[in-house]
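The working numbering applies: residue 31 is where the first sequence begins, and numbers increase by one. Here is the structure we will look at, set down as structure tokens.
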Amino acid sequence: MPFQRDNMIKPEFYIRDLEKCVDKEITICGWVYNIRSSGKVRFILVRDGTGIVQCVITPKSVSQEKFEKSDKIPQESSIIVRGRVKKESRAPYCGYEIELTDYDIVSTVSQEYPIALKEHGVDFLMNHRHLWIRSYQQNMILRIRATIVKAIRDYFDSNGFILVDAPIFTPNACEGTSTLFETNYFDTKAYLTQSGQLYMEAAAMALGKVYCFGPTFRAEKSKTRRHLTEFWMVEPEMAYYDLEDDMEVAEGLVSYIIETVLAKHEKDLIALERNVENLKNAARKPFYRIRYAEAIEILKKAGHNIKFGDDFGGDEETVLTKQFDKPVFVTHYPIEIKAFYMKRDPKNPELACNMDLLAPEGYGEIIGGGQREDDLNILLDAIKRHNLPQNVFEWYLDVRRYGSVPHAGFGLGVERTVAYICGLHHVRETIPFPRLMDRLSP
RNA sequence: UCCUCGGUAGCUCAAUGGUGGAGCAAGCGGCUGUUAACCGCAAGGUUGCAGGUUCGAGUCCUGCCCGGGGAGCCA
Numbered sequence: 031m032p033f034q035r036d037n038m039i040k041p042e043f044y045i046r047d048l049e050k051c052v053d054k055e056i057t058i059c060g061w062v063y064n065i066r067s068s069g070k071v072r073f074i075l076v077r078d079g080t081g082i083v084q085c086v087i088t089p090k091s092v093s094q095e096k097f098e099k100s101d102k103i104p105q106e107s108s109i110i111v112r113g114r115v116k117k118e119s120r121a122p123y124c125g126y127e128i129e130l131t132d133y134d135i136v137s138t139v140s141q142e143y144p145i146a147l148k149e150h151g152v153d154f155l156m157n158h159r160h161l162w163i164r165s166y167q168q169n170m171i172l173r174i175r176a177t178i179v180k181a182i183r184d185y186f187d188s189n190g191f192i193l194v195d196a197p198i199f200t201p202n203a204c205e206g207t208s209t210l211f212e213t214n215y216f217d218t219k220a221y222l223t224q225s226g227q228l229y230m231e232a233a234a235m236a237l238g239k240v241y242c243f244g245p246t247f248r249a250e251k252s253k254t255r256r257h258l259t260e261f262w263m264v265e266p267e268m269a270y271y272d273l274e275d276d277m278e279v280a281e282g283l284v285s286y287i288i289e290t291v292l293a294k295h296e297k298d299l300i301a302l303e304r305n306v307e308n309l310k311n312a313a314r315k316p317f318y319r320i321r322y323a324e325a326i327e328i329l330k331k332a333g334h335n336i337k338f339g340d341d342f343g344g345d346e347e348t349v350l351t352k353q354f355d356k357p358v359f360v361t362h363y364p365i366e367i368k369a370f371y372m373k374r375d376p377k378n379p380e381l382a383c384n385m386d387l388l389a390p391e392g393y394g395e396i397i398g399g400g401q402r403e404d405d406l407n408i409l410l411d412a413i414k415r416h417n418l419p420q421n422v423f424e425w426y427l428d429v430r431r432y433g434s435v436p437h438a439g440f441g442l443g444v445e446r447t448v449a450y451i452c453g454l455h456h457v458r459e460t461i462p463f464p465r466l467m468d469r470l471s472p
């Protein structure tokens, strides 16, 4: 019998809550994930977005007509199942099973569902990303991402930070170093933001401790496992904070994120084959702190051809972070390889009061930040040295002209953090619909 | 932009310059506890595109297109 609109019910129970429903007769609204059969005993695996449950059908349990059709339901057909919940050690995924008494097909899939329960290539899966996110692992990654985003917000909201939204359209290129996406903004050029930081510096002078959280855009033709053209970043900025204070905030944030994910998703992480013990250890404060000069020495000893003044490439970051079992701050880079707004170290003006936080196990940079230059004249010099147009930064210079104070902040990349926590090789699986140099759809 | 690997059935992959195959999916049949079930039958092809070499090209050569991995670039 075809599905009728009057049969429609809003889901009352979800697979995630089955443990509370043992021996109860319940209804689950979902989709057919897979069907297995052993002749007269058939198993329909149903997913509802919160999990996957195995439903058992025998000739006695449902009408003869529904039994006969039950092993012909195509994958991903939408289905409403009714039955009694049973704890069952043989049941995959959730350890519970539903002995069906009835089911209704809401919509039958008439074409073959593209994504089989088998290996596929990355390109094929990415072309079907809108369907791929239904699969078990991708589903878990997106759930963990949501938990991470909430943990970030909770951390700042409960520590006296004010959310300040930064603009997406910007008239200037923050640092003038990155390649930006250009848009036609009426009769003038506008760029998609690559960072909200400069705005947060202004906001910190207004509200004390602030953060912004939104998408950022980079038009670099980067084709690596840690780059997207559109990615999410959280950027706190704190007035009257120095580099040490800045690192304490970063450490507190990352530690809190990891602990929150562990508390809520330990089983999911294990299902993703993430080494949970490594994560538990990594959440313990304090993190390591080394200076740039020490990092260079470590790399030289590891046989890398690198000298003081070079920036780290992806390889160097990987080698460096494999030597640590917890996140490591690398501080005091040479000022020449850093952005114009970085504060010089008062003890050595060749060095910047900056820090990068590198995630262990080869993951690398998830945070970049530091103390900002608060002296107007030094900042003016820096703008000249970087060949930046002073006029577009006049508003930013006002922040120094009117009650300048020491201040610091950082940016944390959400996708790199998700990749690290989930143990994924590539950031493209950490965002629902990734935007890469050569991928704009779906 | 550069380096490197690849493009063969819907998907994942085989195929010494000499008759293009297998597994999975889809189709049909079987099985009362399956775990990406399993077993059987049948079906499935413009070998990325365009040229070239050769008696003969999926295979060798040239160009192009597309993709993977990496580099550069990248708070």
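Just so you know, even glycine gets a beta-carbon here, dropped at the ideal spot from N, CA and C.
| Asked | Found |
| --- | --- |
| Helix, strand or coil at Cys242 [DSSP, three-state] | strand |
| Buried or exposed by the 16-neighbour rule on C-beta atoms within 10 Å, applied to Arg66 | exposed |
| Sheet register partners of Phe261 (DSSP bridge) | Thr246 |
| Alpha carbon of Tyr322 to alpha carbon of Thr209, nearest angstrom | 26 Å |
| Gly333 versus Glu346: straight-line alpha-carbon distance, rounded | 11 Å |
| Cβ pair count under 8 Å reaching 3, the segment 104-112 against the segment 56-76 | yes |
| Chain-order list of residues whose beta-carbon lies under 8 Å from that of Trp425 (same chain, five-residue window excluded) | Ala232 |
| With 16 other Cβ atoms within 10 Å as the buried cut-off, status of Glu445 | buried |
| Met372 (DSSP reduced to helix, strand or coil) | strand |
| Residues near Gly125 by beta carbon distance below 8 Å, same chain, minus five either side | Lys117, Glu118, Ser119 |
| Under the three-state DSSP convention, the category His295 falls into | helix |
| Alpha-carbon spacing of Ser252 relative to Tyr63, whole angstroms | 36 Å |
| Run of the beta strand (DSSP E) containing Ala389, from where it starts to where it stops | 384-389 |
| Candidates Tyr286, Glu129, Lys373, of which the one nearest Val92 by Cα | Glu129 |
| Same chain, Cβ closer than 8 Å to Asp276, neighbours up to 5 away in sequence not counted | Met268, Met385, Gly399, Gly400, Gln401, Ala438, Gly439, Phe440 |
| Contact belief for Lys409 with Leu427 at Cβ below 8 Å, rounded distance in angstroms | In the sequence as presented, Lys is not what sits at residue 409; that position holds Leu. With 8 Å as the limit, Leu409 and Leu427 qualify as a contact, their Cβ atoms being about 7 Å apart. |
| Residue range of the beta strand (DSSP E) that includes Cys85 | 82-87 |
| Collapsed DSSP secondary structure at Thr290 in the structure displayed | helix |
| Cβ separation of Ser225 and Glu265, assumed to be a contact under 8 Å, to the nearest whole Å | 7 Å |
| Lys377 versus Ala176 - alpha carbon distance | 42 Å |
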